[in-house]
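Step one of this worksheet: look at the structure below.
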Amino acid sequence: MPAASFFTEIPVPQQRTFHGDLFPTTLSPKPNTAKLVHWDVSGLTEAIKAHKPWLDSLLHKSGAILFRGFPVTTASDFNDVVEAFGFEELPYVGGAAPRTNVVGRVFTANESPPDKKIPFHHEMAQVPKFPAKVFFFCEVEPGKGGETPIVLSHVIYEKMREKYPEFVERLEEQGLIYTRVLGEEDDPSSPIGSGWKSTFLTKDKSVAEERAAKLGMKLEWLEDGVKTVMGPIPAIKVDKEQAAQDMVQQHGGCLHRLERCPEQSRKGRHLRGRQTFTG
């Protein structure tokens, strides 16, 4: 049965058009499918498996798919949907955000206080291998705020190259070096407050060193934590599927040569947080 028998594209006010394509593509259950499909989670996962090539083509064309109006209400439901796509899982090793595993492949997105702003960034851009795809799910809608804004990286690249060509050329030539100073435990007040135990998923320093080495990361142990140095790594990467160049980096607000990031706070003689430099 064709995908159009199950899914229908709907408009949402937040959609934008880039290069003639809507972003994001928004899918909803087709109204007349009630007799054809039992729209519970199992019905949705079966429809995803049956029409994955079509969904992949939509994702490739648009850059993001918003599923709206489907019976996904719990973290377990969400995990079933993620599993239905069959994408390879990437372990969260080297990430900066404090997160808790909820069920299966589902983690909390960020556990910092709601007044902390999280700028646009790429997931785990500070390590060589980062996720090719990221899923989001809202279980409890907040009364105010809480949205997860998204942007198209290749559009950012195009606009940056047009407005700041010399800076982008420097990024392309030199890459980026990321440095972070991590405490032993998580800092719940910061969006990038993972301690080294959470970052490397271990309490053993030797295991942390092994996992850091696999990422190409250097560790310098401090009295109350560790300093990590990564890079230089590419700041501009080519999306082979899209045949487009993307700005791939972490918080733009931390892209300085000598200045301290706003999130950083002093502890002892070291600056807790992240700094990013051109290579």
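Under this note's numbering, the first residue of the sequence shown is numbered 12, with each subsequent residue one higher. Even for Gly, the Cβ is constructed at its ideal location relative to N, Cα and C.
Worksheet entry | Reduced DSSP secondary structure (H/G/I, E/B, other) of P40 | On the sequence shown, residue 40 is found 29 positions in, with the first residue counted as 1. In the three-state scheme derived from DSSP, where H, G and I count as helix and E and B as strand, P40 is classed as strand.
Discussion item. Taking the alpha helix (DSSP H) that N121 belongs to, which residues open and close that run?
Written reply: Position 110 of the sequence shown holds residue 121. Careful: N121 lies outside any alpha helix (DSSP H) and carries neither H nor E.
Worksheet item: Can you list, in chain order, the stretches of the beta strand (DSSP E) that have 3 or more residues and sit fully within the region 66 to 141?
Response: Qualifying beta strand (DSSP E) stretches, in chain order: 76 to 78, 112 to 114.
Discussion item. Just to check my reading of the structure: P210 and L193 have Cβ atoms closer than 8 Å, yes? What is that Cβ distance to the nearest angstrom?
Written reply: Taking the sequence shown and counting its residues from 1, one reaches residue 210 at position 199. Taking the sequence shown and counting its residues from 1, one reaches residue 193 at position 182. The sequence as given places Thr at residue 210; Pro does not occur at that position. Right, the Cβ-Cβ distance comes to about 6 Å (below 8 Å), so this counts as a contact.
Worksheet item: If we ignore side chains and look at the alpha-carbon of each, how far apart do A86 and K127 end up?
Response: Taking the first residue of the sequence shown as position 1, residue 86 is located at position 75. Taking the first residue of the sequence shown as position 1, residue 127 is located at position 116. Each residue's CA atom was taken as its position, placing A86 and K127 some 24 Å apart.
Fill in: CA-to-CA distance, G204 to V104, given in whole angstroms
As a first step, residue 104 must be located in the sequence shown, where it is residue number 93. As a first step, residue 204 must be located in the sequence shown, where it is residue number 193. As the crow flies, the alpha-carbon of V104 is around 14 Å from that of G204.
Item to complete: Would you check if the distance between the CB atom of E100 and the CB atom of R116 is smaller than 8 Å?
Response: Position 89 of the sequence shown, counting from 1, holds the residue named residue 100. Position 105 of the sequence shown, counting from 1, holds the residue named residue 116. The criterion of a C-beta distance shorter than 8 Å is satisfied by E100 and R116.
Worksheet item: DSSP three-state call for W207: helix, strand or coil?
Response: Your numbering for residue 207 matches position 196 in the sequence shown. DSSP places W207 in helix when its eight states are reduced to three.
Worksheet entry | Range of the contiguous beta strand (DSSP E) that encloses E231 | Here residue 231 refers to the residue found at position 220 of the sequence shown. Note, E231: beta strand (DSSP E), 228 to 233.
Practice prompt. Starting from F147, trace the alpha helix (DSSP H) both ways and give me its first and last residue.
Written response: As a working mapping, residue 147 is identified with position 136 in the sequence shown. Annotation: F147 is outside any alpha helix (DSSP H) and is labelled neither H nor E by DSSP.
Practice prompt. Check each candidate in Q26, G97, H165 and name the one with the smallest Cα separation from F34.
Written response: In the sequence shown, the residue the question calls residue 34 occupies position 23. When each option's Cα is compared against that of F34, the closest is Q26.
Worksheet item: Near D91, which residues of its chain fall below 7 Å by C-beta distance, leaving aside the five closest residues on each side in sequence?
Response: Here residue 91 refers to the residue found at position 80 of the sequence shown. V52, T56.
Worksheet item: Is it the case that the Cβ atoms of A108 and P245 are separated by a distance below 8 Å?
Response: Along the sequence shown, one-based indexing puts residue 108 at 97. Along the sequence shown, one-based indexing puts residue 245 at 234. Taking the C-beta atoms as reference points, P245 is found no nearer than 8 Å to A108.
Item to complete: Provide the residue span of the beta strand (DSSP E) that contains Y189, from first to last.
Response: Taking the first residue of the sequence shown as 1, we reach residue 189 at position 178. Start and end: 187 to 194.
Worksheet item: Apart from the five residues just before and just after K214, which ones in its own chain have a Cβ nearer than 8 Å to its Cβ?
Response: As a position in the sequence shown, residue 214 is number 203, starting the count at 1. Correct list, in chain order: K208.
Fill in: Delimiting residues of the alpha helix (DSSP H) encompassing I21
Taking the sequence shown and counting its residues from 1, the one referred to as residue 21 is at position 10. Run containing I21: none; DSSP gives neither H nor E here.
Practice prompt. Could you spell out where the alpha helix (DSSP H) holding T56 opens and where it closes?
Written response: Position 45 of the sequence shown holds residue 56. In the DSSP assignment, T56 falls within the unbroken alpha helix (DSSP H) covering 52 to 61.
Worksheet item: Of all the CB atoms in chain B, is at least one closer than 8 Å to the CB of E20?
Response: As a matter of chain content, chain B is missing from the structure shown, which is built from one protein chain.
Discussion item. Can you tell me whether V218 is helix, strand or coil according to DSSP?
Written reply: Counting from one through the sequence shown, the residue named residue 218 turns up at place 207. Helix at V218.
Worksheet entry | DSSP-derived helix/strand/coil call for V240 | Along the sequence shown, read from residue 1 onward, the residue named residue 240 stands at position 229. DSSP places V240 within a strand segment (E or B) once states are collapsed to three.
Worksheet entry | Straight-line gap, E20 to S39 (C-alpha atoms, nearest Å) | Numbered from its first residue, the sequence shown carries residue 20 at position 9. Numbered from its first residue, the sequence shown carries residue 39 at position 28. So the alpha carbons of these two residues sit roughly 6 Å apart.
Item to complete: Give the secondary structure of I161 by DSSP, where H, G and I count as helix, E and B as strand, and everything else as coil.
Response: Here the question's residue 161 lines up with position 150 in the sequence shown. The three-state secondary structure of I161, taken from DSSP, is coil.
Discussion item. Between which two residues does the beta strand (DSSP E) holding D250 run?
Written reply: The residue you call residue 250 lines up with position 239 of the sequence shown. Run containing D250: 247 to 250, per the beta strand (DSSP E) assignment.
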